[in-house]
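Encoded as structure tokens, the structure appears first; notes follow it.
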Amino acid sequence: MIIIIVGFLGAVISAITGTLWYSGSTPMGKWHMQYLGFDKLSPEEKNKMIAEAKPKMWKSYSAQIILSFLTSFFIAFVTSYTVQNGGPASAVYYYIPMIWIAFTVPMIGQNILWGNHSGSLAWKQFFSGSFYNLITFLIIAFVATLFF
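Residues in the sequence shown are numbered consecutively from 60, following this note's numbering.
Below is the structure:
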């Protein structure tokens with residue numbers, strides 16, 4: 060049951076971290092908007108696209124919450140399993156960077172590699188997405204260690 064609670068907490072943490080990380084006032088948010096091509100749109104075009112996207116936005120956010128829950132659930136499971144088998148909860152701080160470097164970084168890299176952007180913007184998007192995930196994973200891991 061605690062694993063599920065940590066999973067839900069992690070999904071909320073992920074949403075908050077993403078909102079802050081990709082806000083328009085951060086370099087990462089500006090790079091993300093450039094990557095999406097929003098920097099080339101007029102204010103009217105931006106407002107039109109936002110208005111068109113709003114009715115469907117709940118589907119995207121719902122899917123993202125489910126995906127974030129799965130990640131958080133896994134982090135909670137690994138932490139719980141480690142503690143139940145006599146390991147310290149802090150071992151998760153080793154597992155998380157290893158999982159990140161082995162799975163998350165290559166997946167983000169593949170998306171950038173096969174996407175339609177190149178040059179410095181692609182590298183900025185790669186590092187922004189990669190480090191957003193690492194920071195989010197570590198925050199969730201910290202919360203998980205509070206429960207186990």
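Ideal placement from N, C-alpha and C gives every residue a C-beta, glycine not left out. Remember, it's a predicted structure, so these values are computed and weren't measured experimentally.
Can you tell me the Cα-Cα spacing of residue i and residue j, whole angstroms?
i: T163; j: L193; result: 9 Å
i: Y120; j: S82; result: 16 Å
i: I61; j: Y154; result: 20 Å
i: I57; j: I72; result: As displayed, the chain neither begins before 60 nor continues past 207, which places residue 57 out of reach and without an answer.
i: T141; j: S131; result: 15 Å
i: N106; j: W90; result: 19 Å
i: A203; j: L79; result: 21 Å
i: A181; j: A135; result: 32 Å
i: G146; j: S127; result: 25 Å
i: M157; j: Q123; result: 23 Å
i: W117; j: S177; result: 31 Å
i: S101; j: M108; result: 11 Å
i: F97; j: M166; result: 24 Å
i: L172; j: K183; result: 13 Å
i: S84; j: Y152; result: 30 Å
i: E103; j: S187; result: 28 Å
i: E111; j: F133; result: 35 Å
Going by alpha carbons, who is nearest to residue i out of the options?
i: F67; options: N106, T85, E103 and L129; result: L129
i: W159; options: I62, A200 and N144; result: A200
i: V137; options: W80, L126, I125 and A150; result: A150
i: A161; options: K183, E111, S177 and S189; result: S189
i: N175; options: K115, F133, Q93 and P114; result: Q93
Starting from the C-beta of residue i, find all residues in its chain whose C-beta is less than 7 Å away, skip the five residues before and the five after it, and write them out in chain order.
i: G168; result: F185
i: F206; result: I61 and V65
i: A70; result: I124, S127, F128 and S131
The alpha helix (DSSP H) that contains residue i, what's its start and end?
i: K183; result: S179 to F206
i: Y94; result: P86 to L95
i: S73; result: I61 to W80
Using a Cβ-Cβ cutoff of less than 6 Å, which residues in the same chain neighbour residue i once the five nearest sequence positions on both sides are dropped?
i: T195; result: S73 and T76
i: I198; result: I72
With a threshold of 8 Å on Cβ separation, who are the neighbours of residue i within its own chain once the five nearest residues in sequence on each side are excluded?
i: A148; result: T138, T141, V142, A203, T204 and F207
i: Y191; result: T76, G77, W80, Y81 and M87
Unbroken stretches of the alpha helix (DSSP H), 4 residues or longer, contained in the region 108 to 169:
151 to 158
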